[in-house]
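Working notes, beginning with the structure itself.
Number of protein chains: 2
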Amino acid sequence: MERQPFASAANVSERLAQPPALAISTVIFALRPSAASGRPTLWLPLVRRIREPFRGMWALPGGPLTQADSLLDAAARNLRDTTGLAPSYLEQLYAFGGLHRSPSQRVVSIVYWAMVQPTEAEMAQESENVKWFRADGLETLAFDHNHIVDYALWRLRNKMAYGSIAYHLLGEKFTLAQVREVYEAVLDRTVDPANFRRQLKQTPHIEATEEYLQGGKHRPPRLYRYTGTMAEDSPVP
Amino acid sequence: MERQPFASAANVSERLAQPPALAISTVIFALRPSAASGRPTLWLPLVRRIREPFRGMWALPGGPLTQADSLLDAAARNLRDTTGLAPSYLEQLYAFGGLHRSPSQRVVSIVYWAMVQPTEAEMAQESENVKWFRADGLETLAFDHNHIVDYALWRLRNKMAYGSIAYHLLGEKFTLAQVREVYEAVLDRTVDPANFRRQLKQTPHIEATEEYLQGGKHRPPRLYRYTGTMAEDSPVP
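Note that the protein sequences, when read in sequence, are chains A and B. For the first sequence, position 115 matches number 115 in the UniProt record's numbering, and the numbering has no gaps at all. For the second sequence, position 202 matches number 202 in the UniProt record's numbering, and the numbering has no gaps at all.
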């Protein structure tokens, strides 16, 4: 895929004769502390492009689909190559297939998304060409990747209303305040602690454990566990 | 795509060198009366394959993605070519990309689904190679298309629980009994009429009109209208 400033007539007809190319990309979300306030916020790792088009710009991890990989295998590879992590939550998000997503060739991207727990995100490697960014306020990314991240954020906010998705961003055990922080990070607004606590305690799949969070200054808060199914709207087809 | 009973070694290496092919298929659901009871049941149109592989078998409408069509345009074309209808509800369902979906070539299919209102479904043409079938109890279809229909049914049942999806299978105005029939058809079980009616009347987006259904023997039932948003979990990206 080389960038060509002026496509010749021969290039255009050649392009029309080829079938569209197929790529897999992955949006990887995790909670990390904001640099300013220390509060949990949503972050994602991006990869710097080392070739044209969009050389030098940041992009979602991904690449062409090979013959040997299933879609899910390809997405798991994106996750592993970018962060060193194995997937716990990794699902298909959407296929993006507009005609002009790439300057040199038509590319259809099937996008997966992953949720990573904070302890895992801490272990993820960074390098010169792999860095984590806050999901809100990203600079201009390669291709239509800002649009894809915005779409993923929109879906994540919608899913928060009814699903188990929040718990994919937490560890196995968590305090009620930590659940509230996930909602605040994803919805990007503050949530009343007392109301939220009351509502959460009425939720069927939140179970109190006999353990307490250690290490704080105050009375240690109780740890809870999510007992519902972690499956969302797609079984593995 | 010709069927080859025994792939030679040359074919295998040739196959591995090619990128996977990309197709668009569309699952089109509508309510139609059951032949036996006359009650509304879920149906979908299928197309008979006129070439290998799976020649003579029924399949979901679809075909290779061309350079000129967006994903949605290709799905709308499937719908139009199969039924003569323009889409009212047409959304991306899922991308299926297993390694062995087609015997001669690896094909990744991005599947859309459409909901069609009963009056539209009545107008849909049938022909020797296009026929409507009941969604439950389908014969063996070409490729993995039984699996895709089962997945679509599973998603439809899940969506019934919280969304506006039922109203895409009805006309603009409907009786409360008609809404119940949609639920019964999709969930494939009977629903208590009094309980359902009570619950539905508490739903925020169901509004009574001043009109009544004409033509029955009994006291004509009131017509209602859905006033919520028809958008589900995907804006047009």
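Positions of the beta carbon are idealized from the N, C-alpha and C atoms, including for glycine. Just so we're clear, the structure is a prediction, and the values are computed from it rather than from any experiment.
- At a beta-carbon threshold of 9 Å, the residues of chain A lying near B/Ser70 are Gly97, Gly98 and Leu99, ordered along the chain.
- Taking a Cβ-Cβ threshold of 7 Å, the residues of chain A close to B/Gln92 are Tyr94 and Ala95, in chain order.
- Here DSSP, grouped into helix, strand and coil, assigns B/Phe143 to coil.
- At a cut-off of 7 Å, the C-beta of A/Ile110 has a neighbouring C-beta in chain B.
- Of the residues assessed, A/Gln125 falls on the exposed side of the cut-off, its CB having fewer than 16 other CB atoms within 10 angstroms.
- Selection A/Ala135, A/Pro61 and A/Phe143 evaluated against A/Asp150 yields A/Ala135 as nearest (Cα-Cα).
- B/Trp43 places its beta carbon 7 Å or farther from that of B/Ala59.
- Within the stretch 41 to 68 of chain A, contact with chain B at the beta-carbon level (separation under 9 Å) is assigned to Pro64, Leu65, Thr66, Gln67 and Ala68.
- Between the alpha carbons of A/Gly171 and B/Pro118 lies a distance of about 48 Å.
- Taking one beta carbon from each stretch, the stretch 70 to 80 of chain B and the stretch 97 to 104 of chain A have 3 or more pairs nearer than 8 Å; the two touch.
- Distance from the Cα of B/Pro33 is smallest, within the candidate group B/Tyr89, B/Thr26 and B/Ala185, for B/Ala185.
- With contacts defined by Cβ atoms closer than 7 Å, A/Val27 and A/Trp113 form a contacting pair.
- In the three-state DSSP reduction, B/Lys173 falls in the strand class (E or B).
- The Cβ atoms of B/Ala23 and B/Val107 lie closer than 7 Å to each other.
- The C-beta distance from A/Pro19 to B/Pro64 rounds to 7 Å, short enough to meet the 8 Å contact threshold.
- With 16 or more other CB atoms across the displayed protein chains lying within 10 angstroms of its CB, A/Tyr167 is buried.
- Per DSSP, reduced to three states, the secondary structure at A/Gln92 is strand.
- Contact between B/Arg80 and B/Phe143 fails: their C-beta atoms lie close to 22 Å from each other, not under 8 Å.
- Around the beta-carbon of A/Arg219, fewer than 16 other beta-carbon atoms lie within 10 Å, marking it exposed.
- Linking B/Glu139 to B/Lys173 through their CA atoms gives a straight-line distance of about 34 Å.
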